[in-house]
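Peer 1: Protein chains in written order, with UniProt numbering: chain U, 1 to 409; chain X, 1 to 409.
First, the structure itself, so that you have it in front of you.
Number of protein chains: 2
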Amino acid sequence: MAVMDIVADVPEALVSERIIRLQAVMQKEGVDAFLLTQNVDLYYFSGSMQNGYLFIPSTGDATFYVRRSVQRAKLETAVKVAELGAFRFFGETLAQHYPYLFGKESGLRIAADLDVLPTQLYAKLQETLGSAASCTIIDGSTYIRKLRMIKSPWEIGRIEAAAKVVSESLTAALHVLREGISELEWMARIEYELRIRGHIGLMRMRGFNQEITTGMVISGPAAAVPSYFDGPAGGLGLGAASPQSVSRSIIKRNEPILIDIGCCVDGYVIDQTRTAVLGKLPETLQRAYDASETLIAKAEEMMVPGAPCSKLYEAALAGCASANLSDHFMGFGADQAKFLGHGIGLEIDEWPVLAKGFDMLLEPGMVLAVEPKFTFPGLGVVGIENSYLITDQGARKLTQFKDGLILLP
Amino acid sequence: MAVMDIVADVPEALVSERIIRLQAVMQKEGVDAFLLTQNVDLYYFSGSMQNGYLFIPSTGDATFYVRRSVQRAKLETAVKVAELGAFRFFGETLAQHYPYLFGKESGLRIAADLDVLPTQLYAKLQETLGSAASCTIIDGSTYIRKLRMIKSPWEIGRIEAAAKVVSESLTAALHVLREGISELEWMARIEYELRIRGHIGLMRMRGFNQEITTGMVISGPAAAVPSYFDGPAGGLGLGAASPQSVSRSIIKRNEPILIDIGCCVDGYVIDQTRTAVLGKLPETLQRAYDASETLIAKAEEMMVPGAPCSKLYEAALAGCASANLSDHFMGFGADQAKFLGHGIGLEIDEWPVLAKGFDMLLEPGMVLAVEPKFTFPGLGVVGIENSYLITDQGARKLTQFKDGLILLP
Numbered sequence: 001m002a003v004m005d006i007v008a009d010v011p012e013a014l015v016s017e018r019i020i021r022l023q024a025v026m027q028k029e030g031v032d033a034f035l036l037t038q039n040v041d042l043y044y045f046s047g048s049m050q051n052g053y054l055f056i057p058s059t060g061d062a063t064f065y066v067r068r069s070v071q072r073a074k075l076e077t078a079v080k081v082a083e084l085g086a087f088r089f090f091g092e093t094l095a096q097h098y099p100y101l102f103g104k105e106s107g108l109r110i111a112a113d114l115d116v117l118p119t120q121l122y123a124k125l126q127e128t129l130g131s132a133a134s135c136t137i138i139d140g141s142t143y144i145r146k147l148r149m150i151k152s153p154w155e156i157g158r159i160e161a162a163a164k165v166v167s168e169s170l171t172a173a174l175h176v177l178r179e180g181i182s183e184l185e186w187m188a189r190i191e192y193e194l195r196i197r198g199h200i201g202l203m204r205m206r207g208f209n210q211e212i213t214t215g216m217v218i219s220g221p222a223a224a225v226p227s228y229f230d231g232p233a234g235g236l237g238l239g240a241a242s243p244q245s246v247s248r249s250i251i252k253r254n255e256p257i258l259i260d261i262g263c264c265v266d267g268y269v270i271d272q273t274r275t276a277v278l279g280k281l282p283e284t285l286q287r288a289y290d291a292s293e294t295l296i297a298k299a300e301e302m303m304v305p306g307a308p309c310s311k312l313y314e315a316a317l318a319g320c321a322s323a324n325l326s327d328h329f330m331g332f333g334a335d336q337a338k339f340l341g342h343g344i345g346l347e348i349d350e351w352p353v354l355a356k357g358f359d360m361l362l363e364p365g366m367v368l369a370v371e372p373k374f375t376f377p378g379l380g381v382v383g384i385e386n387s388y389l390i391t392d393q394g395a396r397k398l399t400q401f402k403d404g405l406i407l408l409p
Numbered sequence: 001m002a003v004m005d006i007v008a009d010v011p012e013a014l015v016s017e018r019i020i021r022l023q024a025v026m027q028k029e030g031v032d033a034f035l036l037t038q039n040v041d042l043y044y045f046s047g048s049m050q051n052g053y054l055f056i057p058s059t060g061d062a063t064f065y066v067r068r069s070v071q072r073a074k075l076e077t078a079v080k081v082a083e084l085g086a087f088r089f090f091g092e093t094l095a096q097h098y099p100y101l102f103g104k105e106s107g108l109r110i111a112a113d114l115d116v117l118p119t120q121l122y123a124k125l126q127e128t129l130g131s132a133a134s135c136t137i138i139d140g141s142t143y144i145r146k147l148r149m150i151k152s153p154w155e156i157g158r159i160e161a162a163a164k165v166v167s168e169s170l171t172a173a174l175h176v177l178r179e180g181i182s183e184l185e186w187m188a189r190i191e192y193e194l195r196i197r198g199h200i201g202l203m204r205m206r207g208f209n210q211e212i213t214t215g216m217v218i219s220g221p222a223a224a225v226p227s228y229f230d231g232p233a234g235g236l237g238l239g240a241a242s243p244q245s246v247s248r249s250i251i252k253r254n255e256p257i258l259i260d261i262g263c264c265v266d267g268y269v270i271d272q273t274r275t276a277v278l279g280k281l282p283e284t285l286q287r288a289y290d291a292s293e294t295l296i297a298k299a300e301e302m303m304v305p306g307a308p309c310s311k312l313y314e315a316a317l318a319g320c321a322s323a324n325l326s327d328h329f330m331g332f333g334a335d336q337a338k339f340l341g342h343g344i345g346l347e348i349d350e351w352p353v354l355a356k357g358f359d360m361l362l363e364p365g366m367v368l369a370v371e372p373k374f375t376f377p378g379l380g381v382v383g384i385e386n387s388y389l390i391t392d393q394g395a396r397k398l399t400q401f402k403d404g405l406i407l408l409p
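Here you go:
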């Protein structure tokens, strides 16, 4: 049988290096093994996203137990692939393959990505593993999130490729932006441009109940409607069953058009925001837009290795206070989001977060989307968002689309 | 502050009826309350998808505890809305609001949708609820899945609206299907047509790690590549980080083009498959395509109230055996999917499932997508898929696009 065109994607050396790093964390934390369950985590640590469980012992070789498709997994990863077989025997299989772990007298501590693993499946895993050894599955999601924060040059290349796709797609779609088009219709055009350039159709998000496919185009008053979405702007959406992002609102002259879009190309996401206007922004909004540029410039300056994430958020709050815009920053009133930026990579909501209490220090290799925005109920949302790589020399912008308000006739 | 255009969507009477039905199940099962956590479940039982927890006691009024946006939730649901406040005090808040439950001597049994709730969040909920009462959170996901199986006339109307969107979009996109276009490019066009007609951008799927935005257009050998996706066909995809659905393969003459697409409009999904060919199918594939039409006709006949779901799958297997197509049914070899059809509604993978061991009986109000398909490695996939409502008079087809192989010059 021909299995055409399926090849390993993530370099084998990179996969090995990631596994070794995770093993070092496990050894330090006194964890015996890690069981990866989520598609993105599987891809990160094996290079394959087939359906199964990746078992990484704290010492020794990993095994990817695959339900489907075994033959495809073997082509995608250099990690050892085994058939998962009947789920209820998974514990026994592991005990046979890893006798030096499952033969331990004391109880086994196995970490898993419990921030995303559904409880029902967790219980089933606990049961089958528990049938083979005294064993506790503990939450290892912070280990994963911390490792994934630091991007390799190969990953930066992928993020840059996604940045190029967004830039080209927005440039192409701007040609059809006109008074009278609906947010939905123009977004459909942006999505078409993104898709033909390789966007996989959605941007993966780790947070429970959060959904994003390409972001949002929200204009005028519809942009300023509060929403459940964990971001500074939500949008009116298409009804209670899709209560965020684009609506059927018509784009009008002299109203801000917030274009907060991204894509996922070959696994990696990019996130950028530009504000456009057909005509001229009302003075209040122009002033707020200018403030967003000031804030992002300030953040660019501050993003050096060793800077605490929370300090960047504090600086932004101080900037808003002095510009008399505190009430409008990242949403309005009770619906303000409490951050300035977030990590991006395989998912759109990675670590670190530029937020209060997030005291982690910036390190070379981190990639962050910084998105100062201001919400004015009844008027709209304005702001800017760029993505940056932290380097020894400071922040390097990965976003390719040019900065500045997009003024259209 | 103007919160424009936000209105209740699900009729208030329908929400009340659903809550009363869930309460009846709780009373029968000896459960004290249900805590809904997932966005789709929240929408079903309240009409709102804002971020929070819906608490439904086995007797008495429900409360939707909302983190964000409280003001939007109040406009979307007639259920009582309260601010969630600090999460760690959620247990105490519940104890204050529901003293007749939390004052019980014996331990409280609170059900939740544990098939989707992440383990980490489950542990936090267990902790805050446990601080207020002796309390166990049990898995109530089957109650939800069973209630949601039976659609109301209002829901059928929404599914029909989605069926109309898919039918119109495919009709429009067929005008640009030509030799030499890539799967990706043609899919981008279908998605554009779906989107401008109100598709929310993704189809929700309950299964862990499963992703679907609009389905797949897969052609020739690229269609027959096995994948992790829990369906009869996977597709080559766009690389290891998106290993299913469309690829950059070029659509050629005399090869099958499997168009398995759907959309989500106002919350409800539809799922349909047609096979197209530019020219003529090879004889083996034409024969298999004809068999898929025979199988779906047989299923249509058998879909009457009282028929066991598993019998429909058995009948399809028998049909395949007599047509000598068993090895090709719903995938090939080790990668065969083991079902004939699945429920649809707010999610694409609802109950019931037409599969072995699924002995539930069909009932009026169920909506099923039936999708007999045949996979030929190196050649492609052919088949058909329609969605049906079970009525007292038998199966009523909801799919609007006309049946039959799409023959293009």
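Each residue gets a CB set at the ideal place from its N, CA and C atoms; glycine is no exception.
Computed from a predicted model, the values in this text were never measured in an experiment.
(1) Where in the stretch 149-181 of chain U do unbroken runs of the alpha helix (DSSP H), each at least 4 residues long, occur, reported from the N-terminal end onward?
(2) Give the residues of chain U in contact with residue 185/X, contact being defined as C-beta atoms less than 7 Å apart.
(3) I want to see whether chain X comes within less than 7 Å of residue 49/U, judged by CB atoms only; does it?
(4) Can you give me the C-alpha to C-alpha distance between residue 351/X and residue 325/X, rounded to a whole angstrom?
(5) Would you report the Cα separation of residue 86/U and residue 93/U, rounded to the nearest angstrom?
(6) Under three-state DSSP, which class holds residue 93/U?
(7) Can you name the start and end residues of the alpha helix (DSSP H) that residue 21/U belongs to?
(8) Using a C-beta cutoff of 7 Å, does residue 115/U count as contacting chain X?
(9) What residues in the stretch 264-296 of chain U have a beta carbon less than 9 Å from any beta carbon of chain X?
(10) Expressed to the nearest angstrom, what Euclidean distance is found between the alpha-carbon atoms of residue 222/U and residue 408/X?
(11) When the Cα of residue 307/X is compared with those of 393/X, 331/X, 290/X, which residue comes out closest?
(12) Using a Cβ-Cβ cutoff of less than 7 Å, which residues in the same chain neighbour residue 150/U once the five nearest sequence positions on both sides are dropped?
(13) Using only the alpha-carbon positions, how far apart do residue 370/U and residue 345/U sit?
(14) Would you check if the stretch 275-288 of chain X and the stretch 249-261 of chain X touch, i.e. whether three or more CB-CB distances between them fall below 8 Å?
(15) Considering only residues of the stretch 111-145 of chain U, which uninterrupted alpha helix (DSSP H) runs meet the minimum length of 4 residues and lie entirely inside it, listed in chain order?
(16) Spell out a yes or no on whether the stretch 186-206 of chain U and the stretch 153-172 of chain U are touching, meaning 3 or more CB-CB pairs, one atom from each, closer than 8 Å.
(17) Can you give me the Cβ contacts of residue 310/U inside the same chain, cut-off strictly under 8 Å, excluding the 5 residues immediately before and after it?
(18) What ranges does the alpha helix (DSSP H) occupy inside the stretch 329-356 of chain U, keeping only unbroken runs of at least 4 residues that lie completely in it?
(19) Using only the alpha-carbon positions, how far apart do residue 84/U and residue 37/U sit?
(20) Exposed or buried, residue 16/U, counting other C-beta atoms within 10 Å across all chains shown (16 or more means buried)?
(21) Throw me the rounded Cβ distance for the residue 176/U and residue 216/U pair, which I believe falls under 8 Å.
(22) Taking residue 412/U as the reference, give the member of 301/U, 376/U, 235/U with the closest Cα.
(23) Would you give the residue range spanned by the beta strand (DSSP E) that residue 272/U belongs to?
(24) For residue 68/U, would you say it is in contact with chain X, using Cβ-to-Cβ distances shorter than 7 Å as the test?
(25) Give the residues of chain U in contact with residue 213/X, contact being defined as C-beta atoms less than 9 Å apart.
(26) So, is the C-beta of residue 238/U closer than 7 Å to a C-beta in chain X?
(27) Between the stretch 150-160 of chain U and the stretch 176-187 of chain U, do three or more beta carbon pairs fall short of 8 Å?
(28) Assign residue 404/X to buried or exposed, taking buried as 16 or more other Cβ atoms, counted over all protein chains shown, within 10 Å of its Cβ.
(29) Apart from the five residues on each side of it in sequence, which residues of its chain come closer than 8 Å, Cβ to Cβ, to residue 174/X?
(30) If we define contact as Cβ-Cβ less than 7 Å, is residue 44/U a contact residue for chain X?
(31) Using a cut-off of 9 Å between C-beta atoms, extract the partners of residue 192/X located in chain U.
(32) Using a C-beta to C-beta distance shorter than 7 Å, which residues of chain U count as neighbours of residue 410/X?
(33) From the DSSP output, in three-state form, read off residue 1/U for me.
(34) Is the separation between the beta-carbon of residue 100/X and that of residue 25/X shorter than 7 Å?
(35) At what residues does the alpha helix (DSSP H) containing residue 387/X begin and finish?
(36) Got a sec? Which residues, its chain only, sit under 7 Å from residue 1/X by beta carbon, not counting five neighbours each side?
Peer 2: For this structure:
(1) 153-174
(2) 196
(3) Yes, its Cβ sits closer than 7 Å to a Cβ of chain X.
(4) 27 Å
(5) Going from the Cα of residue 86/U to the Cα of residue 93/U covers about 10 Å.
(6) helix
(7) 12-29
(8) yes
(9) 264, 265, 266, 267, 268
(10) 43 Å
(11) 393/X
(12) 363, 365, 366
(13) 14 Å
(14) Between the stretch 249-261 of chain X and the stretch 275-288 of chain X there are three or more inter-stretch CB-CB distances shorter than 8 Å, so the stretches are counted as touching.
(15) The qualifying runs are 119-130.
(16) yes
(17) When the five nearest sequence neighbours on each side are left out, the beta carbons in the same chain lying within less than 8 Å of the beta carbon of residue 310/U are those of 354, 355, 356, 357, 358, 359, in order along the chain.
(18) none
(19) 13 Å
(20) exposed
(21) Not quite, the Cβ-Cβ distance comes to about 18 Å (not below 8 Å), so this is no contact.
(22) The structure shown does not extend to residue 412/U, since chain U spans only 1 to 409, so no value can be given for it.
(23) 268-278
(24) yes
(25) 200, 201, 202, 213
(26) Any Cβ of chain X closer than 7 Å to the Cβ of residue 238/U would place that residue at the interface, and such an atom is present.
(27) Taking 8 Å as the limit for Cβ pairs, the verdict is that the stretch 176-187 of chain U does not touch the stretch 150-160 of chain U.
(28) exposed
(29) 276, 406, 408
(30) no
(31) 188, 189, 191, 192, 195
(32) There is no way to answer for residue 410/X, as the model of chain X reaches only from 1 to 409.
(33) At residue 1/U, the pLDDT of 36 sits below 50, so the modelled position is not reliable and the matter cannot be decided from this model.
(34) Against a cut-off of 7 Å, the Cβ pair of residue 25/X and residue 100/X comes out as no contact.
(35) Note, residue 387/X: premise wrong, no alpha helix (DSSP H); beta strand (DSSP E) at 386-391.
(36) Annotation note: pLDDT 36 at residue 1/X (below 50); position unreliable, no value reported.
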